[in-house]
Amino acid sequence: MPTTTLPLPNLHPLPPRASLDSVVVRFAGDSGDGIQLAGNRFAAVTALAGNDLGTFPDFPAEIRAPVGTTYGVSAFQINFGARAIKTSGDSPDVLVALNPAALKVELPRTKPGGIVIVDTGSFTERNLRKAGYAADPLADDSLADYRIISIDVSKLTLEAAKPFGVSQHDALRCKNFWAIGLIYWMFDRDRASTVSWLKKRFTDEPIIAQANIAALNAGHAFGETAELNGDLVGYSVAAAELRPGLYRTITGGEALAWGLVVGTHLAELKLFFASYPITPASPLLHALARLRSLGVTTFQAEDEIAAICAAIGASYAGSLGVTSSSGPGLALKSEALGLAVAAELPLVVVNTQRAGPSTGMPTKTEQSDLMQALFGRHGESPVAVLAARAPTDCFETAIEAVRIATKFMIPVLVLSDGYIANAAQPWRMPSVETMAPFPVHFHTDPVGFEPYARNPETLARPWAVPGTPGMEHRIGGLEKDSLSGDISYSPANHQQMTDTRAAKLDRIARDIPEQTVEIGPESGRLAVVGWGSTYGPINRAISSLVERGCDVAHIHLRHLCPMPRNLGELLSRYDRVLVPEMNKGQLVTLLRAHYLVPAEGLNKVSGQPFKIEEIETAVLARLEQQEP
Amino acid sequence: MPTTTLPLPNLHPLPPRASLDSVVVRFAGDSGDGIQLAGNRFAAVTALAGNDLGTFPDFPAEIRAPVGTTYGVSAFQINFGARAIKTSGDSPDVLVALNPAALKVELPRTKPGGIVIVDTGSFTERNLRKAGYAADPLADDSLADYRIISIDVSKLTLEAAKPFGVSQHDALRCKNFWAIGLIYWMFDRDRASTVSWLKKRFTDEPIIAQANIAALNAGHAFGETAELNGDLVGYSVAAAELRPGLYRTITGGEALAWGLVVGTHLAELKLFFASYPITPASPLLHALARLRSLGVTTFQAEDEIAAICAAIGASYAGSLGVTSSSGPGLALKSEALGLAVAAELPLVVVNTQRAGPSTGMPTKTEQSDLMQALFGRHGESPVAVLAARAPTDCFETAIEAVRIATKFMIPVLVLSDGYIANAAQPWRMPSVETMAPFPVHFHTDPVGFEPYARNPETLARPWAVPGTPGMEHRIGGLEKDSLSGDISYSPANHQQMTDTRAAKLDRIARDIPEQTVEIGPESGRLAVVGWGSTYGPINRAISSLVERGCDVAHIHLRHLCPMPRNLGELLSRYDRVLVPEMNKGQLVTLLRAHYLVPAEGLNKVSGQPFKIEEIETAVLARLEQQEP
Amino acid sequence: MNVVSPIKPLTAKDYASDQEVRWCPGCGDYAVLKAVQKTLADIAADPARTVFVSGIGCSSRFPYYMSTYGFHTIHGRAPAVATGVKLANPDLDVWIATGDGDALSIGGNHLLHLLRRNVDVQLLLFNNEIYGLTKGQYSPTSRPGTRSPSSPGGSVERPVSPVLFALGAGARFVARSIDTAQKHLVEVLKQAHAHRGASFVEIFQNCIVYNDEVFAAFTEKQVSADAQVHVEHGKPLLFGADRRKGIRLVPSRLELETVRIGEDGVTEADILVHDRTNRTLATMLATMTLPVALGVLYCDPAESLDAAMHAAAGERPAGPTASELDALLRRGDTWTVAG
Amino acid sequence: MNVVSPIKPLTAKDYASDQEVRWCPGCGDYAVLKAVQKTLADIAADPARTVFVSGIGCSSRFPYYMSTYGFHTIHGRAPAVATGVKLANPDLDVWIATGDGDALSIGGNHLLHLLRRNVDVQLLLFNNEIYGLTKGQYSPTSRPGTRSPSSPGGSVERPVSPVLFALGAGARFVARSIDTAQKHLVEVLKQAHAHRGASFVEIFQNCIVYNDEVFAAFTEKQVSADAQVHVEHGKPLLFGADRRKGIRLVPSRLELETVRIGEDGVTEADILVHDRTNRTLATMLATMTLPVALGVLYCDPAESLDAAMHAAAGERPAGPTASELDALLRRGDTWTVAG
Ligand SMILES: Cc1ncc(C[n+]2csc(CCOP(=O)(O)OP(=O)(O)O)c2C)c(N)n1
Ligand SMILES: Cc1ncc(C[n+]2csc(CCOP(=O)(O)OP(=O)(O)O)c2C)c(N)n1
Ligand code: SF4
Ligand code: SF4
Ligand SMILES: [Mg+2]
Ligand SMILES: [Mg+2]
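Chains as they are written, first to last, in this note's numbering: chain S, 4 to 631; chain G, 4 to 631; chain R, 634 to 972; chain V, 634 to 972.
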């Protein structure tokens, strides 16, 4: 297995730089320290250097907690490497802690033996107390398990920035660039693009730009000097073998937004997006609000109910109505979603899951809304459900949702989560010009028009929009005659309509691809089945186990309802099925019910993504149990 | 098998009256014809005569549809007999149709060969047209399959009522009593109690009372005369063997109301009931609103969300908060229900199911909200779920809900449905004086008080209510520290709290009775598993099949979440499991997922209850398939 | 489906759908239906561009009876659905039919936001002061003491005034009429339709089954002349059979009072002239209980949300082109991985 | 848990919980917290009988910082939860802490019904004209043109006025104050507490992070004297550093205008005297943008819902007895089946 651990025992290696396959670096400091900004810059140069990467910002729940407190710690993690990167990394190999609170919060997750760079300048008594340290941890041996690099970053930054005449306050705010300067040196990154970025960002404040550049350079120079002294060691991480093409980094939130825009473009529809802000779903609203110039309409509704209702109204009027929220908001949309089912209008509902129940932990991730997505409505009220597995995958998932919604005249629920929404990945951009369109054809022929007559293949009813002469008709949430759409209380008609709404899912199942195996054998001792953002850790874990010769496969579902038509048969080919989920066992319940396979759950509900290691351990345990 | 078919071939039997085991009679007419009133009177005297019975009113969806239309038909069905009656009957043996629309709507469900009494006086051309008849059905042979008894009820009623000086309009409104007068004669019922009821009801209008009494007597006399002529035949239905005691008839709505009142009494709490009107849940609100003098507080909220929130607020303040709705309203309560789960407060939520999705068919019954009850919330948000099987069973189910909610500090969802809510059964009233109380003890001791410390047996947290000195504390929907209840974002704490909330269900499972078999063997070839209002038809069907020697058992669940702890083992003792449900297969999904039994669904989603015969047929088919 | 020939002008009847009307015989809703159909004929509305959106309630059955497009949505949410319809296609002429329960109980929030956002639709609130469809429970507009299945001892809640609520929410057009006052109602509906922005019309509607005659004190023929004042912009607020009664301002108490011309030295000059652009006056008129003020109490147009959004978006008839989208995806930091 | 000795009077500090306050440094919420703690001390509130209920938002974190009972519920629903609390136990003193988004966006309907029903609670609306907690999107009170993550081109919606909304909803106590105006705010809160029924208090609260200085035009020291008029019942509506400015009614236009005593023949007698029981005046004052009217704009008590329900239910301290329940079950037609 390729190791992600720095070769630490060798503290003073000689050039050439030790080469690493992949590294996890975590920047942490106070929310006011500009951690996210610095982290994103490091990610940008790392991408330019040709590494594959995954990043995850870890904001505090508080907007701006008092300086120096543990609940005000902001962190940014990046996993980059010379190989395919599927997650933002388990435990950091390198931690940069710009204050005591950051050290306090982040140290426990850092890999034992990892490098920890601390800004001693911030280790004042007051800050130590705020962080909840009884004594200065740098002064005792409580950090013996780590390779601590103590630097007075504050002082060195002040010195570097001073020449430009910035205030002490502004100078200190350059600390983040000093720190990444050092990390740039450590991983041999080029500063040029960051320098021009800083100039552009602070066009109106050139002094601030210069101070930051000076800090960046100073941090870098510090590394060079320390290396000469033998105090520090630099590494090199070779470029990954990525598919050739044009790349950018993208978060799940952006990818979803763009996927929706491209999807409606391919459907030749207008996009009407209605939403009410909620963590962690708001980035989608924000991204789409910026696209008004492309003809996207965004509507910030008074609540989630109004948002879905406005989206339904827009779909009724001939746009593609899309709405988005997180768990509590999805709960509120339940009733209206049933209306969309009854009205048989296309609709896309995005749910960016967070830790529940109730308000739960809004900034933490979870996969606990699958059951709600499938069953969170009264009556027999089937909708299609898709889940995105990674930030870049949000793009394709969104397009697939638009395609299904418009082809089958059905609401489609897309599940993302707080992790995916905020995490970033390099993305090889597709060319929209070359994507296959799936245009919607509104019904415009009055002859023989019946609002609930159906396309025999898809069971979709005709979409006849207000404004079209001769198509005037009435629809609603009461049960409708299976042809005319008039109100009907007939028992046989209700049975037929209920069966038809359910049968749409079967038609979708015929339309979607068969389930494939991500990695590993097509039959064997163990299948690990996942959905959503567990993709990264599961795939990394199974990849390395397969490399080690284990008889285990990874199957990952995008289509959760309907499920791919071959899934039952596929699962029956394995002796055992293990289903890791960040919930108490939701997909596993469905697999057992549908296919009567004795699938077993591997569940974690801590608000944190799975670690690769946790999955490896669980898989190995299953494989061992089966040995004769 | 005891037959419920009238011995029709023998049209002119001689006295003594032919004795029947059970009969289904259906009264039908225009909504203005007083069908429900008359039906209820017949039910009352039938109960007094010692029969067991089940009734079901079938209201039109329209408030008061134009006279004479098919959608304005109101019907009342009663099934009564000398044996235990479990349903309001499959197909009527006797239909009373007071106008052409009633004949049109009701004839198709009447048993072929059944008696159909029609009021020819209402068969005017206008009424025939309104009912959608091209020609008078009495004039051709389209009714040959039935024993039609044509009587000009209108004219005979007018004549009977005339002497009392009532207006023609008022006289005609006595038609319903003329009709039941005839039915009283047919089944040998005593008129005295109805006469005194009429006098009491119309104390202020003695003339109306007299006119109705005259009509009742006239109908009865008509029967006697016709019998002498050999034109009509009377039957006798012997008294059933009912457990000795004091009886009344009760609808599911009333039984639920009284169960909640008695339950809170046993818990020594005040009942705070908040609801928003919705069909078919409103009867509960209405019943409780009448009990203000008993200290019940009812609050008609502005919507379903406010209703559940007010109930939560009341529970927080130390009452038992109860809220009630039907499917669309339950959907709206989803988010707030999650708050009750997180706050760990007792709460009872009653859901009277109706046909969905969306507005669906509000006056028709269905069992399609089970999945919503279990999973209709974001996050991992477990609640207990119970279902009532029959009108009288609502009483006990409500008490059990109160018991679980208060003992385990958890929301409990009670499922009823439109059929149960409106259907009536004789009820042997318990004595509240002798019922075992389960008093709640509020926490009042400040020493060492922690809002989320737990009772080790039930995992309930202490209920410390505002107003209690020294217990001041804060709770909310954010994740809480497992002891102090303070906000906590700790991963380990969230895992622990999630596990604990789930574990409460396991503790409830230990607390509730083991599942028993209603009828049939404890192991064997086929178990038919039901929940809710399918109890009646399933039980009748399996009873008669068992009598006929079939190897089949009936298992009926009250506790749907958690399920009884022995259920998996019990089901594994049968070769096959069949699950009849008025939905597309919800319980069957759960049984398959929980126990990996190859349970099979028998599903009907037409807004109509199962017929006994449909279940018999399905069971026989399964039993035959298995023959070698 | 109704194919309507565009050649000869449509009559009120042409706006009726083929569905049988299913309200209780004698229900005030019939009269409102008639008035709306007449209004559409008078304004020569294009059925293809006309949409009726409703919630749930007796009154919300309205769309089924119109030969236009119609959407019978869910309880309380018609304003939200209608907002989506209008924003997606501002060319449509959108009407909302709703009841006092639908609009003011469960739907109060959406109504507030529809009015404040000033979405260009006409909202007809059928106020019968009761929940008709669910069999007669008291509603948020029911008077204190209303006996109903859910308030057998009489309700103890204070009712909301629909027009005061609308004014408080920032509505720019607020009017009031009566189901059976056909001429008046049609006139008010036409003005509502002419107003660009959210037009709020409260219609006193008699529920013959559950709340019969609740408005009789001012709608009955014998009393109507003295119990109603029909407001008209720029005209004095006169009423009474002989039109000698009038409304006067008492500045010292900031109150309105009813006076009689010729008595106590009152002349026509003392009578307030209706100014429909004055919100304070509208509020005072709305508060008056006898006589009841009917007509357009307030009308002071402001830019509607649909117009503002359209203006902000600029002219963009079609969606983005593929190349615009490719440019979007490629915005910001990008890098090339060579083959 | 806070055991409070009832012997010596509590100070403001005693109403602070042991939780670290987690608002942004400089947030106006700190000032409101301080004022509320001071108010409770001044009225000698019993922490055991005091309950703070809130929804979700920065402001809705309020209950955690009070040493009383507290319930941090869900977004927009605090009025509904509080109604349940108060009706279940009318002896409790119930306060609601809510934001402009919580109360007026998602929660508008519950606020309407809390006010119209006149439930005896105090509702403090922290109006910062922004959604703070979700990182700064515009809210229903944001001014047109507000640039925010969800309105990068400036919002195009017309805002709602909290106090006009409250008046339209039928509130019987409507007041306004400013986060940092400690003395004024405490005084207003005391009056709100003294009022039996729903007391609505809008507090202009500065969100230093997402909407800094949005109220500066009338809250800044340099301008406040001229930009604020502090209304007091029975006192003339005077303001300005020298208190020579005043508010006068223009009866012909039914409008208020600002005048200067001594100029244009204006005397003190021309200045309107505040009558807090006059809803029309309150509405006009609420509409005024400069100066901004602060203090108790309206107070005209009516029976509260809790009092009315209590009165209707009669005295019934305990629940029903078993024999009462047995009688209930046996009411109506019954029959005996003999053994
Ligand atoms: C979510 C939901 N809650 C409750 C209902 C039941 N319901 C239907 S209409 C109605 C009230 C109708 O009153 P109103 O709006 O005044 O209309 P009216 O029937 O009086 O015209 C209610 C409570 C429903 N259909 N959906
Ligand atoms: C059902 C639901 N929808 C959305 C949210 C997200 N949310 C939390 S607070 C808030 C708005 C807060 O604004 P405001 O009430 O003005 O409070 P402030 O933070 O400004 O004090 C929103 C949209 C939520 N928590 N729950
Ligand atoms: S119940 Fe009332 S409002 Fe409804 S249709 Fe009948 S009369 Fe009209
Ligand atoms: S975001 Fe604004 S309102 Fe929220 S705590 Fe910070 S300053 Fe206060
Ligand atoms: Mg109504
Ligand atoms: Mg705010």
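Cβ atoms here follow ideal geometry from the backbone N, Cα and C, with glycine treated the same way.
Asked                                                                                                                                                                  : Found
The alpha helix (DSSP H) with Ile216/S in it runs from where to where?                                                                                                 : Pro209 to Asn232
Report back the beta-carbon spacing between Val684/V and Thr672/V to the nearest angstrom; my notes put them in contact at under 8 angstroms.                          : Contact doesn't hold; Cβ gap of about 15 angstroms is too wide.
Where Asp148/G and Gly116/G are concerned, what is the direct C-alpha to C-alpha distance, given to the nearest angstrom?                                              : 6 angstroms
Please confirm if Ser285/S has its CB atom under 8 angstroms from at least one CB of chain V.                                                                          : yes
Short check: CB of Ala182/G to CB of Gly222/G, under 8 angstroms?                                                                                                      : yes
Establish whether the CB of Gln303/S and some CB of chain V are separated by less than 8 angstroms.                                                                    : yes
Starting from Ser318/G, follow the alpha helix (DSSP H) in both directions and report where the run begins and ends.                                                   : Glu307 to Tyr319
Using a threshold of 8 angstroms, state whether the C-beta atoms of Leu291/G and Ile315/G are closer than that.                                                        : no
With DSSP collapsed to three states, give me the class of Tyr931/V.                                                                                                    : strand
Along chain G, in chain order, which residues have C-beta atoms closer than 7 angstroms to that of Leu725/V?                                                           : Ala320, Pro469 and Gly470
Kindly list, in the order they appear in chain S, the residues whose Cβ is closer than 8 angstroms to that of Asp372/G.                                                : His381 and Gly382
With a threshold of 7 angstroms, establish whether the CB of Asp733/V neighbours any heavy atom of ligand 2.                                                           : yes
May I ask whether a heavy atom of ligand 1 can be found less than 7 angstroms away from the beta carbon of Thr409/S?                                                   : no
Closest by CA to Thr301/S, which one among Leu930/R, Ala946/R and Val925/R?                                                                                            : Ala946/R
CB-CB under 6 angstroms to Lys367/S, same chain, minus the five flanking residues each way: which ones, in chain order?                                                : Ala358 and Gly610
Using a Cβ-Cβ cut-off of 6 angstroms (strictly less than) and excluding sequence neighbours within five positions of Ile38/G, which residues of its own chain qualify? : Phe30, Gly32, Ser77 and Phe79
Exposed or buried, which one is Pro10/G when buried takes at least 16 other CB atoms within 10 Å?                                                                      : Unreliable positioning characterises Pro10/G in this predicted model, as indicated by a pLDDT of 33, which lies under 50. A coordinate reading is not provided.
Can you check whether the C-beta of His476/S is within less than 8 angstroms of a C-beta belonging to chain G?                                                         : no
Interface residues of chain S around Cys691/V at Cβ under 7 angstroms?                                                                                                 : Ile66
At a cut-off of 7 angstroms, would you count Arg780/V as near ligand 4, judging by its Cβ distance to the nearest heavy atom?                                          : no
If distances are taken between C-alpha atoms only, which option among Lys878/R, Thr916/R and Gly740/R comes closest to Gly898/R?                                       : Lys878/R
For the alpha helix (DSSP H) containing Phe613/V, name the first residue and the last one.                                                                             : With chain V represented from 634 up to 972, any question about residue 613/V goes unanswered, as that position is not in the structure.
DSSP three-state call for Ile1/S: helix, strand or coil?                                                                                                               : Any property of residue 1/S remains undetermined from this structure, which presents chain S solely from 4 to 631.
How should Arg380/G be labelled, buried or exposed, when 16 other C-beta atoms within 10 angstroms of its C-beta is the threshold for buried?                          : buried
Quick check: what's the CA-CA separation for Thr920/R versus Thr913/V?                                                                                                 : 10 angstroms
Ligand 2 and Cys312/G: does the residue's C-beta get closer than 7 angstroms to at least one heavy atom of that ligand?                                                : no
Is there at least one non-hydrogen atom of ligand 4 closer than 7 angstroms to the beta-carbon of Gly765/V?                                                            : yes
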